[in-house]
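Read through the structure below, which is laid out as structure tokens, and then see the notes.
Protein chains in written order, with the working numbering: chain A, 6 to 211; chain B, 6 to 211; chain C, 6 to 211; chain D, 6 to 211.
Next comes the structure, spelled out in structure tokens:
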């Protein structure tokens, strides 16, 4: 294989990219100047060097000169340490942050648990979550764990799985376990939502 | 125009149907037997004769032999008369009913109010709603009005419009005015919802 | 079932219409005036009375006062009787007519032949086609049969089926059997078409 | 901006990629091992070094050790030098090659000409095309120029533009100028194509 073919193959590994579009990426780059391509290559090589995983929440973050081991949220003294929101992945955290509504801390589980998964503890960071909850309960007075997952079978199964495992700890430390509220989301037309959504929208009316 | 063309034109008035599909309807009917077409014509002629508008909630309902003036929901003695849910149209009511979560009464407003609408009281049954609320407050002990509209600018504008107009009555009769709760709806993935939805999902966590 | 439910069920038989949209049709009609609904019912009842199947090409046509048995195309003295285009259904004929490019006659086969179909002669009007070709060859000097079908496995199978059955007649009467030409169609971008389309586009270059 | 943000911005320049998906690319890479990322960076840096533009047809090609200046098609002694197919871009050429139907040479114009374009000769390689046609006519006995462009206004405008400019040369060297044939393409259903497509499908029937 030549470079065009190899690069096409590598690009086709990116999420959502098929062979046609990855070929189009290569031709696009061939028409760009050297500077752009060199920058792109350099950024790729810097990526793993500069980006660390936060020791507390597992979030990816770009290290700055001070060599810190925590992401900017975990390092922020103004965040409310009584709340810990568990999410599946970085992009979920970013969307919650964008809303500006939540000022607590996060924990990135690293995935979701499929319904018939035999070894869920090897798929997601559940052991580390337990340790984090234990430590935070002792040190920072953790009061609530918010499970923030997509509303689909795998997301709901993950919440169920975490709840069961965490419940002894929750009892021990008087932690509240909650899940994001359900109801009508922006853009929903009333004639379409399923019974579960209507039920929650009715319950959460205000 | 011949019958094929006239019928095509009539079918193209149906919601969501363009000229091509309405032509396809006509050819479909030409291939069906006479019985089906005659039944269809007969049902159309019966429709307006047998279907009435409920005197209480404005819902369309098929009259049975007893000649009642109320739909089966308004006539049902087991419905909770303390709650009145205001919806835009029949299909919205049906979707709420399908969820099985609500046991109160309904009021069909007959549409929504566009944001720059100059004469909203000519577009929706607001005067009749006021009268209904007044009567129900006196007679049946109405306690809550639930505004159940689609989560889009026109739906929200309609809820705002009703709230303002109803508020003196709400004060007078100590009525609670509520809106369906917002949050994650079934199928929502956490990385996509807008800030408003996340905010409500957080507020309504449980 | 009441009239609303029965009518919803009837509408849901129309091609491409599900239960939700057919319900929407019923509510739309309930909001229309009686006149529209009565016209619609009347047109339905007239449909089968006024529309006949052309004795020559099987096309549906609205009969006028003169009581003719042929559609306006078959009755048109200016059409070229040397060419017969075989199509699957009325809508295909209409699209070819709309192009204004063809001035010959048509034959509507009444469907297509699925690839594993055991009794194709019971699915499409093949026997009647043979008879038509025989008669037209004798009387009007038929010279060419044009097979005009969709370019998909079932369309191609149908053309293959007709070709095989018609070939003895074609030999006997020196008829040319042709199929619509293939190539790039309007809107096609050159990077997408399959090999067969490119092959034909190259062969038919001009 | 940190590395994550810079890389996200660079990826969002790729054709068809928005900010969300480019972010997803970055997180995907963060979860991959170093080896994959290093290979990707290396391939990017090799791309411009190893890929040349063919001196004859302008196609991008990966140079092999022999240091040739022509792509494998232009260098292939078995290609028919009497035909030159002009296409807009590399991906179009590749799709024609994939069909296996064409054995002549190519010329990549480098784009298409928008309908109101004032300086088309600065947008596409028309001057170089003229020179190529002139040289090929003298040296290799060029007989036909095939214009192979997408069937849309811009593609047709480009073919028109080339035809006009090339016609004196075509006259001088008795060159035939052709365009890819039009007709039904794979997957086309007969009830949909526009008049132009039907017209060509009828003309190219076979």
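Idealized CB from N, CA, C, for every residue including glycine.
With a 10 Å radius around the Cβ and a threshold of 16 neighbouring Cβ atoms, residue 143 of chain B comes out exposed.
Chain B has no Cβ within less than 8 Å of the Cβ of residue 51 of chain A. By the beta-carbon neighbour count (other beta carbons within 10 angstroms, threshold 16), residue 71 of chain B is exposed. In this structure, DSSP gives residue 106 of chain A a state outside helix and strand, which the three-state scheme calls coil. Below the 7 Å Cβ cutoff, chain A contributes 155, 156, 190 as neighbours of residue 193 of chain B, in chain order.
With a cutoff of 8 Å on beta-carbon distance, residue 153 of chain B and residue 90 of chain B are scored as near each other. Taking 7 Å as the cut-off between beta carbons, none of the residues of the region 142 to 154 of chain A comes near chain D.
Going by C-alpha positions, residue 129 of chain C is about 5 Å away from residue 115 of chain C. Classified as exposed, residue 38 of chain C has fewer than 16 neighbouring CB atoms from the shown chains inside 10 Å of its CB. Contacts with chain D at 8 Å (Cβ-Cβ) do not include residue 114 of chain C. Among the CB atoms of chain C, none fall inside 8 Å of the CB of residue 138 of chain B. About 6 Å separates the beta carbon of residue 98 of chain B from that of residue 64 of chain B, a gap short enough to meet the 8 Å contact definition.
In the displayed model, residue 184 of chain D falls within a strand according to three-state DSSP.
The Cβ-Cβ distance between residue 174 of chain C and residue 138 of chain C falls below 8 Å.
Apart from sequence neighbours up to five positions away, the residues of its chain that approach residue 74 of chain C with a beta-carbon distance below 8 Å are 57, 59, 60, ordered along the chain. Taking C-alpha positions only, residue 51 of chain D is separated from residue 110 of chain D by approximately 28 Å.
Residues of the region 17 to 34 of chain B whose Cβ lies closer than 7 Å to any Cβ of chain C, in chain order: 19, 20, 21, 26, 28, 29, 30, 32, 33, 34. Residue 31 of chain A: member of the alpha helix (DSSP H) spanning 24 to 36, first to last residue. Annotation: the region 106 to 150 of chain D contains the following complete segments of the alpha helix (DSSP H) (minimum length 4 residues), in chain order: 125 to 128, 131 to 144. The beta carbons of residue 147 of chain C and residue 112 of chain C sit no closer together than 8 Å.
Taking CB atoms only, residue 74 of chain D has no neighbour in chain A less than 8 Å away.
Checking the DSSP bridge columns, you'll see residue 152 of chain A partnered with A:91, A:184.
Under a 10 Å Cβ-count criterion, residue 121 of chain C is classified as exposed, with fewer than 16 other Cβ atoms of the shown protein chains found around its own Cβ.
Here residue 186 of chain C has 205, 209 as same chain residues with Cβ atoms under 8 Å from its own Cβ, once five neighbours each way along the sequence are excluded. At a cut-off of 8 Å between beta carbons, residue 8 of chain B contacts chain C. Using a Cβ-Cβ cut-off of 8 Å, residue 42 of chain D is close to 49, 50, 52, 53 of chain A, given in chain order. Closest in alpha carbon position to residue 182 of chain C, among C:30, C:207, C:164, is C:164. By the neighbour-count criterion, in which a residue is buried when 16 or more other Cβ atoms sit within 10 angstroms of its Cβ, residue 211 of chain C is exposed. At a cut-off of 8 Å between beta-carbon atoms, residue 121 of chain A makes no contact with chain D.
For residue 176 of chain A, the secondary structure class from DSSP, reduced to helix, strand or coil, is helix. Here residue 65 of chain D is bridged, per DSSP, to D:58.
Annotation for residue 160 of chain B: 93, 117, 154 place their beta carbon closer than 8 Å to its own, counting only its chain and skipping 5 residues before and after. When DSSP states are grouped into helix, strand and coil, residue 85 of chain A belongs to the strand group.
By the C-beta density criterion, residue 88 of chain A is buried, having at least 16 other C-beta atoms within 10 angstroms. Relative to residue 123 of chain D, the option among D:166, D:108, D:68 whose CA is nearest is D:166. For residue 183 of chain A, the nearest beta carbon of chain B is closer than 8 Å to its own beta carbon.
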